[in-house]
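To start, the structure itself, in structure tokens.
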């Protein structure tokens, strides 16, 4: 964090939001593509 001049909490927050966005996107995409049923996309976080 210090190398980029960004606080560690900020980095962790951005990583968390990015992972959540990716999880949501993949869940929608897999449902739309028929890879999983809508009930199979429940999060186990």
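Residue numbers (the numbering used here): 46 to 90.
Ideal Cβ placement from N, Cα and C applies to all residues, glycine included.
- In the DSSP assignment, residue 55 falls within the alpha helix (DSSP H) that extends over 53-77.
- Inter-residue distance for residue 76 and residue 64 is about 18 angstroms (C-alpha atoms, whole angstroms).
- Exclusion of the five residues before and after residue 80 leaves no residue of its chain whose Cβ lies closer than 6 angstroms to its Cβ.
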